[in-house]
Every structure is written in C-alpha cells, then in structure tokens.
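> In our numbering, the protein residues as written are 594 to 880.
Starting off with a structure, shown below.
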Ligand code: G3H
Ligand code: 13P
Ligand code: ZN
C-alpha cells in the first residue's frame, strides 16, 4: 500500500524503531525490497536517485515500484521517495511523475542558500501534498584512501543551525551528518552521538541517516535512541547483487545464459540483505 513517507517515519519515531530507505535501480532490486518487506511485515521506503531516473527513466522506475508495491505487498506501507534531488527542476519532475516524497539536497551549499532553496522546495511540494527531506551538514562521499585526512568537523550538522533550518524551512525530515559517510569505508570516525542528542533535543521531526550500509547493531541502536527514524541503504545491496552475479556468471555454467536465472539469484541475495537490515533497524513485525 503506497503510504506517505512522513507517516511511516512519524510512526517509527513514536515507536522507537527505524525504517530502511533502500535505493533501487531496476526490477530485481525493487522486487527484492518489496518481497523482504512483505516477509518481514515491515514498513519500508524505496528510493531512486537522479542518476537512476536517467538510467531507468523516471516514470518507468516510479511505476515499476508502485506496481510491485500494490500488486505484491498491498498490506505493507511502502513509501516512494526521490533521493538526493539537487535542483528545483528535478524535484518538479519527480512531483509531476507522482513521487509523494522528495529529498532536496542542498548540503554542499552555504547555510543561507541551502535554507532559502529548501524553503522554496517545501512551499512548492507542500502545495501538492508532497513530503520533503532536507539535509544540513554534509554526508561525505569518500574513497577509502582519503579517510586518513578527513576533517570531520567541517561536515557535521550544527545543532543550533538545525533548529533554525527546521523551523524556517518547514521540512518533514532532516538528514544529519554525525560522522556517517556514503559507501563502505574501512575506517571512519565514531559517530558523534552527543551531537545527535543535541539535534534531537532542538528539533522534533524524524532524522535520516545516510551512508548507513555499514552500520551494525550497536551503532544503529544508539542512533535510534537519539531520534534517528530512517537509515539509507544503497551500497550494501549493490554489493550483494554484484557478488552474487559474479559467482553465478563465473560458475560452471549451470545457469546457462538465462538472464532470469542469473538475475534471479542476485535478487534473492538482495532480499536477504534487506531482511537483515530490517531486523537490525527493528522495523520487522511492525505491520
Ligand atoms: O547516496 C546515494 C547513492 O548511494 C548514490 O547513488 O550513484 O545513484 O547517485 P547514485
Ligand atoms: P550507503 O552508501 O551507505 O549505502 O548510503 C546510501 C545513501 O545514503 C543513499 O542516499
Ligand atoms: Zn545519501
């Protein structure tokens, strides 16, 4: 059942658990996420980026998700979300297609510009009943080699600015930077949970943690305690997909050249990863 992302996140915050927002790029990943949600009785958010809209076609991927959600898991709350929209144009396009939740990512802009554009996005989206996630501070995209020299302070969300940002923009969810980073990294800073606690004290809305693919149970539990209601997961499911595919393709050829068998195995591997994440986020059994 297609459900508003705001509703899914608000329930998670009230219930002290988190939901996964999983990135999809194709039929197999979408079907794996929907099947995992159904099996785990878990609410879920399925999201696509601008690059995926270019790859799969925005309308095509949106209707694929919507169809699978309605047809295979009618009783499960499923939100469809645009991840990392970086311009008003892409947000307008997503809303025209039917997305009911978008992220405006102005995290690389100076505070005043991020605030001003996010506010415009909210005005535009709320008129059409569309939820908006903003980002303050910035969640880095880093290669492992760079990790040694990173100055985390310049990425972190400022709890005082967060209060102003949330109040003035009217966003529905806030992506925060507390030491999290996109991608799988060998080394990373311990998350700044004191900062997370201050952000949570200053702002009443649900928080989203990007770069959550490699967050294990302990850190997940601590983040939820401090108000995080959503973890974004992309890298972990891409790795599960690709590793399975490599094994199938380099196997003894028993799957032949049947793409449905080759990709079906990758789909199952993604489903298992999503189920595992739902368990550690505590969203299993919430439907
Ligand atoms: O943060 C989001 C994704 O991990 C980046 O994915 O390559 O589709 O932009 P993308
Ligand atoms: P990961 O790279 O850790 O999967 O993060 C995904 C993400 O934040 C998507 O917005
Ligand atoms: Zn992200």
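Heads up, the beta-carbon is just placed ideally off N, CA and C, and yes, glycines get one too.
Thinking C-alpha only, which one of 607, 676, 596 is nearest residue 818?
607
> So for residue 694, helix, strand or coil by DSSP?
strand
> Could you tell me the distance, in whole angstroms, from the CA atom of residue 829 to the CA atom of residue 649?
20 angstroms
> Do you know how far the Cα of residue 807 is from the Cα of residue 651?
In a straight line, the C-alpha of residue 651 is about 28 angstroms away from that of residue 807.
> From 813, 876, 799, 793, pick the residue whose C-alpha is nearest to that of residue 765; which is it?
Taking only the C-alpha atoms, the option nearest residue 765 is 799.
> Determine the direct distance from the alpha carbon of residue 862 to that of residue 635, and round the result to whole angstroms.
18 angstroms
> Give the straight-line distance between the Cα atoms of residue 760 and residue 720, rounded to the nearest whole angstrom.
18 angstroms
> Note the first and the last residue of the continuous alpha helix (DSSP H) segment covering residue 861.
Element bounds for residue 861: 852 to 874.
> Take residue 701 and list the residues in its own chain whose beta-carbon comes closer than 7 angstroms to its own, dropping the five residues that flank it on each side.
731
> Going straight from the alpha carbon of residue 724 to that of residue 847, what length do you get?
47 angstroms
> Can you list, in chain order, the residues of its chain with a C-beta nearer than 8 angstroms to that of residue 812? Leave out the 5 residues immediately preceding and following it.
784
> Going by beta-carbon coordinates alone, are residue 748 and residue 770 separated by less than 7 angstroms?
yes
> Let's see if you can read the secondary structure: which residues bound the beta strand (DSSP E) around residue 883?
The structure shown does not extend to residue 883, since the chain spans only 594 to 880, so no value can be given for it.
> Which whole-angstrom value describes the C-beta separation of residue 654 and residue 642, a residue pair presumed to lie in contact below a C-beta threshold of 8 angstroms?
Actually they are not in contact, since the Cβ atoms of residue 654 and residue 642 sit about 10 angstroms apart, beyond 8 angstroms.
> May I ask whether a heavy atom of the ligand G3H can be found less than 6 angstroms away from the beta carbon of residue 775?
yes
> Quick check: does the Cβ of residue 804 come within less than 6 angstroms of any heavy atom belonging to the ligand 13P?
yes
> Give the secondary structure of residue 880 by DSSP, where H, G and I count as helix, E and B as strand, and everything else as coil.
coil
> Does the pairing of the region 604 to 623 with the region 867 to 879 give three or more beta-carbon distances under 8 angstroms?
Between the region 604 to 623 and the region 867 to 879, the count of Cβ pairs shorter than 8 angstroms is three or higher; the stretches touch.
> Can you grab the Cα-Cα spacing for the pair residue 665 / residue 866, in whole Å?
19 angstroms
> Specify the secondary structure class of residue 780 as computed by DSSP and reduced to three states.
Reliability of the predicted coordinates at residue 780 is poor, the pLDDT of 49 falling under 50, and no value is obtained from them.
> Quick check on the burial criterion: 16 or more other C-beta atoms within 10 angstroms. Buried or exposed for residue 692?
buried
> Mind checking whether the beta-carbon of residue 616 lies closer than 6 angstroms to any heavy atom of the ligand ZN?
no
> Do the CB positions of residue 858 and residue 837 come within less than 7 angstroms of each other?
The answer is yes: Cβ separation under 7 angstroms.
> Out of 821, 763, 729, which one is the CA nearest neighbour of residue 754?
729
> Does residue 667 pass the burial test, meaning 16 or more other C-beta atoms within 10 Å, or should it be called exposed?
exposed
> For residue 734, which of helix, strand or coil comes out of DSSP?
Here DSSP, grouped into helix, strand and coil, assigns residue 734 to strand.
> From which residue to which residue does the alpha helix (DSSP H) around residue 841 run?
Secondary structure note for residue 841: its alpha helix (DSSP H) is the uninterrupted segment 828 to 842.
> Please report the residue range of the beta strand (DSSP E) in which residue 616 lies.
Membership of residue 616 in the beta strand (DSSP E) is indicated by the continuous run 612 to 616.
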